[in-house]
Amino acid sequence: MKDFSNQFKDLPDYILKITKEIWEDRGLSTLHHYYGKDIPMRFPSGLVRGNAGVIDGTLATLCEFPDRQLLGEDVIWSQDTQDTGRYLSSHRLVTMGTHTGHGAFGPPTGKRFEIRVIADCAAKADVIDDEWLIRDVGGIARQLGWDPVEYARYQIQTEGGPDKCQRPFHPDHDVDGPYMGRGNDNEWGQRLASILTQMMDKDFTVIRREYDRAARTEHWGARGGWSFDFAETDWMRLRSSFPTAAFKIHHVIGREDPGTPYRAAVRWSLTGKHSGHGFFGAPTGAEVHVMGATHAEWGEWGLRREFTILDEVAIWKQIHLHTGNVE
Amino acid sequence: MSRFATLPDYIQGVTFEIWEGRQIASLRESYGTDMVMRSTQALILGTEGVIKDTLAAQAAFPDREILGDDVIWCGSEAEGYLSSHRSVITGTHTGHGVFGAPTGKRVTTRCIADCFVQDDVITDEWLCYDVSSMVQQLGHSPRDWAAEQIAREGGPDQATRPFTPDQDRPGPYAGTGNGHELGDRLADILSRIMDYDVATVGRDYDRAVSFYHAGGVTGWGRPAVEAEWMQLRAAFPDARFTIHHKTGRNDPGEPDRAAIRWSLDGAHSGHGRFGAPTGAQVHTMGFTHAEFGPWGLRREWSLWDETAIWKQILLAGA
């Protein structure tokens with residue numbers, strides 16, 4: 002890889018190794034090298050600038066969950082066609098840990114969590130300088146004993162109340178980072194983007210056309226299910242909560258690697274009014290931005306594994322800040 | 026000429042027809058009259074036995090869906106095919122049957138069936154349901170359920186014998202696989218684990234491995250999968266481990282993958298999941314499917330039937 006340290010054999014190797022080094026091997030200070038000084042990090046919970054913030058956030062999380070493990074399930078990646086030596090990695094992780102320290106989730110409960118994360122990182126010359134990171138915060142909250150609705154209220158209160166708390170990410174806050182790519186042109190990426198677009202156009206018959214009958218779907222909230230029913234129901238409930246919101250596809254990667262299933266990674270968003278029933282209670286009219294990421298694998302009979310992460314807590318926070326019902 | 030384009034399509038197609046399509050009687054065409062079915066629960070001989078077994082299973086869970094997760098296969102039209110079919114089975118316990126009176130509970134389990142197919146007819150079979158996960162979801166411990174099963178079947182003298190090699194009958198299939206390197210790779214990993222070289226997990230498994238083991242046990246990462254394999258081996262530390270069949274496949278757009286059928290034969294001479302050692306002679310029919318990725322073995326499914334093991338232990342002590 003051009004301009005990368007020769008200890009890394011390819012981009013996935015780089016991503017897996019630095020993730021382990023930073024977290025499990027406690028190399029927080031290596032973030033000075035591996036993360037850009039001014040990196041924009043777009044979490045659903047808000048925009049963070051610069052590697053100093055990333056280091057402090059990592060430290061806080063490690064204090065709360067010192068045994069946290071990050072297992073890299075897949076790295077779906079592309080090369081920037083405009084900017085040689087620049088890559089985009091969509092890294093799907095399973096992460097688990099025990100809540101033994103004080104932190105964002107309150108006093109330690111001794112409970113364990115196990116969730117998925119999708120991190121889209123742009124990297125060049127050993128350095129990650131642009132990022133979109135979606136953690137299944139709703140899944141952590143549930144496993145630690147919170148209702149995500151209440152946990153969002155707790156966040157608002159502990160961050161100083163509705164006027165001072167951190168604003169969940171909205172495209173209005175966005176800044177341009179160094180990565181301007183949109184992915185690659187591989188057909189599997191196009192196929193996943195098209196499936197998601199059809200669903201968001203309310204053509205839910207696409208699931209029976211495109212998914213394997215034995216498909217496994219893993220969704221936000223650390224929930225999953227088999228076959229068509231789970232996928233259909235979950236996607237319908239999401240769309241139904243924001244039926245008029247604008248759906249946008251931001252980044253699309255498809256890959257065909259030997260010995261590996263055809264697969265794809267798509268980052269997308271929904272922006273608009275909370276104007277329907279579904280996942281988020283009675284409609285409130287709140288303006289909401291949903292940052293979503295979907296990975297998929299295909300087999301002989303269609304899409305056989307689907308993974309979608311969004312942050313329910315960040316959505317609830319936007320709703321609470323709109324209604325003012327924060328107590 | 027087959028109605029189906031490929032062997033996997035045939036397996037998925039007839040499974041759907043027989044179960045969800047209710048064409049139980051079609052087993053008379055798709056199964057050989059004298060077929061030998063080695064279910065972990067019992068040796069079943071002939072189509073009529075398979076038909077009764079299928080009917081009873083459907084009556085207990087009439088809304089059962091069989092979702093075919095994968096078909097890992099070898100062979101040819103001329104020689105016949107060996108298909109190792111891994112499925113996820115879901116259904117609601119609304120009927121009377123071997124699981125007792127209906128509980129209304131919804132059950133999700135797994136099954137691996139190795140079938141020999143010649144000219145669209147299945148003539149030889151090895152079958153394992155994760156019965157232990159089913160009974161646990163229905164509210165029983167695998168041990169107590171095996172004890173109740175023995176009582177329901179008329180006591181230790183009358184109860185159906187779980188499959189053991191001494192009952193076996195030669196069927197038409199004598200193959201041992203396709204000689205593919207991925208089958209060898211998985212067979213070597215299992216052989217090393219069973220030869221107490223548990224460190225092979227650290228060498229050959231992806232750090233992010235996910236697995237499913239008998240009893241509905243699921244987990245992530247090497248330490249968890251090591252612990253599961255050690256638990257099984259520790260209960261039968263002196264048993265003989267044998268690889269019976271290995272298939273490897275490297276298909277475009279599919280993960281590199283393999284299917285192994287194996288067994289452990291010998292005394293229940295160690296502490297573990299099956300309680301204090303009893304010395305009972307136990308046959309464990311095991312099936313392992315795996316997918317490999319760039320960082321090692323990344324998904325593993327291993328089935329054996331814990332209730333059939335308990336039944337052998339309890340029958341030996343009766």
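Listed in order, the protein sequences are those of chains A and B. The first sequence runs 2 to 328 under the working numbering. The second sequence runs 26 to 343 under the working numbering. Ideal placement from N, C-alpha and C gives every residue a C-beta, glycine not left out. Note that the structure is a prediction, hence the values are computed from the model and not measured.
Item: Taking L356(B) as part of the alpha helix (DSSP H), name the residues at either end of that continuous run.; Value: Examination of residue 356(B) is not possible in this model, given that chain B is present from 26 through 343 alone.
Item: Got a sec: is the Cβ-Cβ distance from P262(A) to anything in chain B below 8 Å?; Value: yes
Item: Report yes or no: is there a C-beta of chain B within less than 8 Å of the C-beta of R256(A)?; Value: no
Item: Less than 8 Å between CB atoms is the rule here; does N275(B) satisfy it with respect to chain E?; Value: The structure shown contains no chain E; the protein chains it does contain are A and B.
Item: Of all Cβ atoms in chain A, is any one closer than 8 Å to the Cβ of G246(B)?; Value: yes
Item: Where do the ends of the beta strand (DSSP E) carrying S276(A) lie?; Value: That residue, S276(A), is in no beta strand (DSSP E); it is neither H nor E in DSSP.
Item: Please look up how many angstroms separate the CB atoms of D131(A) and I40(A), rounded, as I've assumed it's under 8 Å.; Value: 7 Å
Item: Look at G241(B) and D155(B) and say whether their C-beta atoms are less than 8 Å apart.; Value: yes
Item: Against S195(A), what residues of chain B qualify as contacts under a CB-to-CB distance less than 8 Å, listed in chain order?; Value: Here the premise fails: no neighbours, minimum Cβ distance about 18 Å.
Item: Closest to D127(A) by CA distance: which of G300(A), A142(A), G86(A), V176(A) is it?; Value: G86(A)
Item: Using a beta-carbon distance below 8 Å, is R232(B) in contact with chain A?; Value: yes
Item: Taking 8 Å as the CB-CB limit, is V113(B) close to chain A?; Value: yes
Item: I'd like to check one pair, P169(A) with G282(A): are the Cβ atoms closer than 8 Å?; Value: no
Item: Pair every Cβ in the segment 268–279 of chain A with every Cβ in the segment 298–308 of chain A, then say whether three or more of these pairs are closer than 8 Å.; Value: no
Item: Between the Cα of S288(B) and the Cα atoms of T243(B), H269(B), Y56(B), E73(B), which residue gives the shortest distance?; Value: H269(B)
Item: Would you kindly report the start and end of the unbroken alpha helix (DSSP H) that includes R210(A)?; Value: 207–211
Item: Does any CB atom of chain A fall closer than 8 Å to the CB of F236(B)?; Value: no
Item: Taking 8 Å as the CB-CB limit, is E325(B) close to chain A?; Value: no
Item: Roughly how many angstroms lie between the CA atoms of F231(A) and G293(A), to the nearest whole one?; Value: 18 Å
Item: So the alpha helix (DSSP H) T72(B) belongs to, where does it begin and stop?; Value: 72–85
Item: Along the chain, where does the beta strand (DSSP E) containing C136(B) start, and where does it finish?; Value: 131–143
Item: Return the first residue and the last residue of the alpha helix (DSSP H) that M201(A) is part of.; Value: 188–201
Item: So what's Q183(B) in DSSP terms, helix, strand or just coil?; Value: coil
Item: For P33(B), which residues in chain A fall below 7 Å Cβ to Cβ?; Value: E301
Item: Between which residues of its own chain and M97(A) is the CB-CB distance below 6 Å, once the five residues before and five after are set aside?; Value: Q70, E115
Item: Helix, strand or coil for E102(B) per DSSP?; Value: coil
Item: Can you pull the chain B residues whose beta carbon is under 8 Å from the beta carbon of R214(A), in chain order?; Value: L92, G93
Item: In the segment 88–169 of chain A, which residue ranges form an unbroken alpha helix (DSSP H) of at least 4 residues, counting only runs that do not cross its ends?; Value: 138–144, 149–159
Item: Does any residue of chain B bring its CB to less than 8 Å from the CB of G73(A)?; Value: yes
Item: Is Y56(B) closer than 8 Å to T72(B) when the C-beta atoms are compared?; Value: yes
Item: Restricting to Cα atoms, I'd like to know which of G196(B), R177(B), D229(B) is closest to L68(B).; Value: G196(B)
Item: Determine which residues of the segment 80–99 of chain A have a Cβ less than 9 Å from any Cβ of chain B, and write them out in chain order.; Value: L94, V95, M97
Item: Quick one, which of S216(B), T267(B), G129(B), A184(B) has its alpha-carbon nearest K336(B)'s?; Value: A184(B)
Item: Is it buried or exposed, E150(B), if we count other Cβ atoms within 10 angstroms and call 16 or more buried?; Value: buried
Item: Per DSSP, what are the beta-bridge partners of V39(B) in this structure?; Value: In DSSP, V39(B) forms no bridge with anything.
Item: Which residue from H296(A), S79(A), A315(A), W317(A) puts its Cα closest to that of E307(A)?; Value: H296(A)
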